Amino acid sequence: MPDKPLFLFGTLRHPPVLEAVAGALLPYEPATLADHAVTEAQEPEGGTLHFPLLVTRPGAMARGALIRPGAEARARLDLYERIFEYHPVPVIAQTPEGPVEALLYQTAGEHWLPGPDWSLDAWAAGHGALAAEVAREVMALSHEHPPAVLRRRYPLLAGHVASRRRARDEAAPATRRRVPGADDVTVEGRRTPYARVFAVEENRLRLRQHDGGLSTPVDRAAFLLSDAVTLLPYDPARDLVLLVEQFRFAPFLRADANPWTLEAIAGRVDAGETPEEAARREAVEEAGLRVTSLHSVARYYSSPGAVTEFLYSYVALVDLPEGAEGKHGLVAEAEDIRTHRVPFTEAMAMIDTGEVANGPLVISLQWLALNRARLGGPQSA
């Protein structure tokens, strides 16, 4: 069976993705699969996913391509597909020269529902560049971690790669700090000893020093976390903010006397969404609020000495009547969140008492203290 060609129907038909996975750009031969169609995958709850699904459809013809990888490329392709629990099964593909015995990567049981017909061109325009970069990252990690670990890590890894792409595209003003050159940081070694909910990456680096010379090799490690958002809802008519309360594992590990923390709404920016979209999504998930306009508070690293996390903090104007409090959170993520309507002056006072000890919330409240009159709140505290 290894000498049979592979029939590709989905994202591996995008040349940059195939090259990232196979380690080489392989030639394609046009082919089809009778009585099948390629659709968008959808979650049972109705959300559309950014990958295709091959489904049986009598009379239809699924467009695809055949590739004939060598042993090394085939091993890389098999490994990549195992991450998603796909394995080769025999099919008869149709080509201009006639039927061909081929292999198709397929999962034993579909976890998703078919949606509208899938378009490779539309997908590539919206997601192709990100998918290729994620595939390169997956293949690099495959030497250190088994498929099951990478399968759980994949959505968060995609978020991290999207964060990295966002960082490359954003402005990096340098009025006081150095303007970095292409050879100011040389990576001599890289490993990722831990990769699950987050990852830890270790590098051996040489760094350009302030006197112009290069440092001796130094070892550095950081937690890999994707970009995140925070959102502080503010009702200017009632001068109330909405705070969320939940258990936090990190304060618990620090032996904090009370690991239930008061925070702004917060969450990760998923691959394929903007920080603003993430803030609106998290407002629904964590507080049942639908917000429109967002006021930017700040953009910043939470702890640049050890964490890649970059935060986008916002304030949103909302209506917070009696009954706006409640319990929220995604069951799938074991979230148990309680919301509190808090007078602005009380929230500010809790910074002094230490009951509010969450950096993004402190920053957002202090920004609001400077701007709440402009937003329609009282003229002064």
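One rule links them: number in this note's numbering = place in the sequence shown (from 1) + 39.
We treat Cβ as the ideally placed atom computed from N, Cα and C, and that holds for glycine.
As the structure is a prediction and not an experimental result, all values here were calculated from the model.
C-beta atoms of residue i and residue j nearer than 8 Å
i: G167; j: P55; result: yes
i: V200; j: E172; result: yes
i: E348; j: A267; result: yes
i: V177; j: Y125; result: no
i: L72; j: A132; result: yes
i: S403; j: T269; result: yes
i: V423; j: L105; result: A question about residue 423 goes unanswered here, because the residues of the chain that appear run from 40 up to 420.
i: L301; j: E394; result: yes
i: A61; j: A112; result: yes
i: L88; j: W151; result: yes
i: R205; j: D223; result: no
i: V354; j: L407; result: yes
i: F383; j: D278; result: yes
i: A170; j: F46; result: no
i: G98; j: D74; result: yes
As assigned by DSSP and simplified to three states, the class of residue i
i: P91; result: strand
i: L264; result: coil
i: R411; result: coil
i: Q405; result: helix
i: P194; result: helix
i: P186; result: helix
i: F288; result: helix
i: F383; result: helix
i: V330; result: coil
i: G167; result: helix
i: S335; result: strand
i: P314; result: helix
i: Y320; result: Residue identity check: residue 320 is Arg in the sequence provided, not Tyr. Helix at R320.
i: V224; result: strand
i: L51; result: helix
Boundaries of the beta strand (DSSP E) in which residue i is found, first to last residue
i: Q133; result: Y125 to T134
i: D156; result: L152 to D156
i: A305; result: I304 to R307
i: V354; result: F349 to L356
Length of the line joining the Cα atoms of residue i and residue j
i: T225; j: A179; result: 19 Å
i: F237; j: R207; result: 21 Å
i: L51; j: H379; result: 48 Å
i: A420; j: L282; result: Unreliable positioning characterises A420 in this predicted model, as indicated by a pLDDT of 49, which lies under 50. A coordinate reading is not provided.
i: F48; j: G154; result: 16 Å
i: E84; j: L414; result: 37 Å
i: A276; j: K366; result: 24 Å
i: R259; j: E82; result: 40 Å
i: G311; j: V94; result: 25 Å
i: R411; j: A396; result: 21 Å
i: A289; j: F262; result: 14 Å
i: Y340; j: L292; result: 22 Å
i: A326; j: E364; result: 8 Å
i: L38; j: R191; result: The question about residue 38 has no answer here: the residues shown for the chain are numbered 40 through 420.
i: M40; j: R203; result: Unreliable placement is indicated for M40, whose pLDDT of 49 sits below 50; no coordinate value is reported for it.
i: E79; j: A296; result: 48 Å
i: A305; j: Y273; result: 15 Å
i: R320; j: G198; result: 15 Å
i: L143; j: K43; result: 10 Å
i: E241; j: R377; result: 37 Å
i: H53; j: A164; result: 10 Å
i: A70; j: R96; result: 17 Å
i: R243; j: S158; result: 42 Å
Residue span of the alpha helix (DSSP H) that contains residue i, given as start and end
i: V56; result: P54 to A61
i: L434; result: Since the displayed the chain opens at 40 and closes at 420, residue 434 lies outside it and no answer follows.
i: L143; result: First-last for L143: G137 to T146, but that is the beta strand (DSSP E), not the alpha helix (DSSP H).
i: D117; result: A110 to I122
i: V346; result: That residue, V346, is in no alpha helix (DSSP H); it is neither H nor E in DSSP.
i: L65; result: Taken as a continuous stretch (DSSP letters only), L65 belongs to no alpha helix (DSSP H), as it is neither H nor E.
i: A7; result: The requested residue 7 is not part of the displayed model; the chain covers only 40 to 420.
i: L359; result: Neither: L359 is in no alpha helix (DSSP H) and is coded neither H nor E.
i: A161; result: L159 to W162
Strand pairing of residue i, partner residues [DSSP]
i: P83; result: DSSP output for P83 lists no bridge partner at all.
i: E241; result: R230 and A260
i: H75; result: T95
i: M100; result: A73
i: H199; result: DSSP, once it has assigned bridges, lists no residue as partnering H199.
i: T214; result: Its beta-bridge partners do not exist; DSSP assigns none.
i: W299; result: F286
i: D274; result: L279
i: H367; result: I376
i: L253; result: R247
i: L105; result: F46 and E68
heavy atom of the ligand PLP below 7 Å from residue i C-beta
i: L64; result: The ligand PLP is not part of this structure, which contains no ligands at all.
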